[in-house]
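**Student:** Under our numbering, think of the first position of the sequence shown as 4, with each following residue one higher.
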Amino acid sequence: MSTGVNKKLIERGLGVADFKTFEADKIWSRYSNDKVVIGEGLGRVIRVLSKTLPLAKPLTALSIGSSNEPQFRILETAFRGGLYLLDIEEEALDIVKERIRRQWTDHVSTIRGNFNKIFLDKKNTVRFLKAKLGGRKMNLVTLHHSMYYCDESKWMALFENLYRKILAPQSAVHAVLMASNSSDDCTTTWLYNHFVGKFFGLGNNQNLREFKRGLERNSIFSGAKTFLKSHHVRFFVDDFEKFMAVVWMILLYPDAHKYSLRQREEITEFVYRKFWKPRRPLIQIQDHLALYRGLRTSARII
Ligand SMILES: C[S@@+](CC[C@H](N)C(=O)[O-])C[C@H]1O[C@@H](n2cnc3c(N)ncnc32)[C@H](O)[C@@H]1O
Numbered sequence: 004m005s006t007g008v009n010k011k012l013i014e015r016g017l018g019v020a021d022f023k024t025f026e027a028d029k030i031w032s033r034y035s036n037d038k039v040v041i042g043e044g045l046g047r048v049i050r051v052l053s054k055t056l057p058l059a060k061p062l063t064a065l066s067i068g069s070s071n072e073p074q075f076r077i078l079e080t081a082f083r084g085g086l087y088l089l090d091i092e093e094e095a096l097d098i099v100k101e102r103i104r105r106q107w108t109d110h111v112s113t114i115r116g117n118f119n120k121i122f123l124d125k126k127n128t129v130r131f132l133k134a135k136l137g138g139r140k141m142n143l144v145t146l147h148h149s150m151y152y153c154d155e156s157k158w159m160a161l162f163e164n165l166y167r168k169i170l171a172p173q174s175a176v177h178a179v180l181m182a183s184n185s186s187d188d189c190t191t192t193w194l195y196n197h198f199v200g201k202f203f204g205l206g207n208n209q210n211l212r213e214f215k216r217g218l219e220r221n222s223i224f225s226g227a228k229t230f231l232k233s234h235h236v237r238f239f240v241d242d243f244e245k246f247m248a249v250v251w252m253i254l255l256y257p258d259a260h261k262y263s264l265r266q267r268e269e270i271t272e273f274v275y276r277k278f279w280k281p282r283r284p285l286i287q288i289q290d291h292l293a294l295y296r297g298l299r300t301s302a303r304i305i
């Protein structure tokens, strides 16, 4: 370890590498404006849906990779026809289940499952519609920070199956993802690309902007309009363990990249020097994609 580094603190930063994603996400949600920015985008998408669909029609929504659904209040109130929360982590869903019981919001359901296994396969998608959504198509599908967990080569198949089998004729998809390129070394994108490139020789191809162009070229989506907008989000918490728990989530450890102990030490020391010691916030440039199907929207709303 280099001199001038607080060894105990580094050890504490390493100790939180195995946090559950929902625990790290909770810290990120609390100490950044991510959920505020996403909530504003979601509000605009709901406005578009509300403008076209009859006021008396109860709307339906599916949140993919919902975690304990930080947008619960917005989604629960807007989607009284059924809100379905899908996640792979039981602990995250248990938090929502307790809330559903306590607040008698029984139009909300939790579903434990792997969205790749369900939606990358046409038959499984149809089965899911029948078994888990009661055969009812969705007015909204959200993918808030969950497309990282699906290889970008499969994104088109994911959207095609959602579009054909899950989305109602008048509906929307709202997806949010960290931008894939940035030369600013204070961003989550730079941090991810730097370490994944250095340790595994990998790049980041999860480019929502590029994906939007692919959607526009694909005739399956000819009845849809897509919009994309970038936002800046800031994160800082005056607790090194909490700061590092979020860094491990952003670096997709251990789900996608299993950094060795030596590599984790290097990452922790870097974060300590670059962000935590000078009290510098970590910036996230994030892309929001809205896909509108069968909706009256001439304005560029996202
Ligand atoms: C970064 S969190 C985002 C949570 C929430 N949507 C938000 O915006 O805060 C990603 C979520 O996706 C879930 N997830 C990851 N891979 C998944 C998969 N294959 N199937 C279902 N959920 C998955 C994780 O458990 C986690 O709760």
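The beta-carbon is built from N, C-alpha and C at its ideal position, and this holds for glycine as well. Note that the structure is predicted; figures quoted are calculated from it, not measured.
What do you reckon, is the C-beta of F162 under 7 Å from a heavy atom of ligand 1?
**Tutor:** Numbered from its first residue, the sequence shown carries residue 162 at position 159. No, Cβ of F162 sits at least 7 Å from all heavy atoms of ligand 1.
**Student:** Below 7 Å, is the gap between the Cβ of Y312 and the nearest heavy atom of ligand 1?
**Tutor:** Past the boundaries of the shown model lies residue 312; the chain is included only from 4 to 305, so the question cannot be answered.
**Student:** Out of Y195, E213 and R212, which one is the CA nearest neighbour of L205?
**Tutor:** Walking along the sequence shown from the start, residue 205 turns up at place 202. For L205, the nearest C-alpha among the options comes from Y195.
**Student:** Would you identify the three-state DSSP class for S185, choosing helix, strand or coil?
**Tutor:** By 1-based counting over the sequence shown, the position of residue 185 is 182. Here S185 sits in coil by DSSP.
**Student:** Count the other CB atoms within 10 Å of the CB of S32; is the residue buried (16 or more) or exposed (fewer)?
**Tutor:** Translated into the one-based positions of the sequence shown, residue 32 becomes position 29. Buried, by the Cβ-count rule.
**Student:** Less than 7 Å separating the Cβ of H177 from some heavy atom of ligand 1?
**Tutor:** One-based indexing of the sequence shown puts residue 177 at position 174. For ligand 1, not one heavy atom lies less than 7 Å from the Cβ of H177.
**Student:** How far does the alpha helix (DSSP H) with Y34 in it reach, from first residue to last?
**Tutor:** Here the question's residue 34 lines up with position 31 in the sequence shown. Start and end: T24 to Y34.
**Student:** Can L170 be considered in contact with ligand 1, in the sense that its beta carbon sits closer than 7 Å to one or more heavy atoms?
**Tutor:** Residue 170 sits at position 167 when you count from the first residue of the sequence shown. No - ligand 1 has no heavy atom lying nearer than 7 Å to the Cβ of L170.
**Student:** Suppose the cutoff is 8 Å on Cβ atoms and the five residues either side in sequence are ignored; what does the same chain contact list for D2 look like?
**Tutor:** Absent from the structure is residue 2, since the part of the chain shown begins at 4 and ends at 305.
**Student:** If we ignore side chains and look at the alpha-carbon of each, how far apart do R50 and H260 end up?
**Tutor:** Position 47 of the sequence shown holds residue 50. Position 257 of the sequence shown holds residue 260. Using only the alpha carbons, I get a separation of about 38 Å.
**Student:** With three or more beta-carbon pairs closer than 8 Å as the criterion, would you say the stretch 174-191 touches the stretch 289-296?
**Tutor:** yes
**Student:** K100 to K38, Cα distance in whole Å?
**Tutor:** Within the sequence shown, the letter at position 97 stands for residue 100. Within the sequence shown, the letter at position 35 stands for residue 38. Approximately 21 Å between the Cα atoms of the pair.
**Student:** Under 7 Å: does the beta carbon of D28 sit that close to some heavy atom of ligand 1?
**Tutor:** The residue labelled residue 28 in the question sits at position 25 within the sequence shown. For ligand 1, at least one heavy atom lies less than 7 Å from the Cβ of D28.
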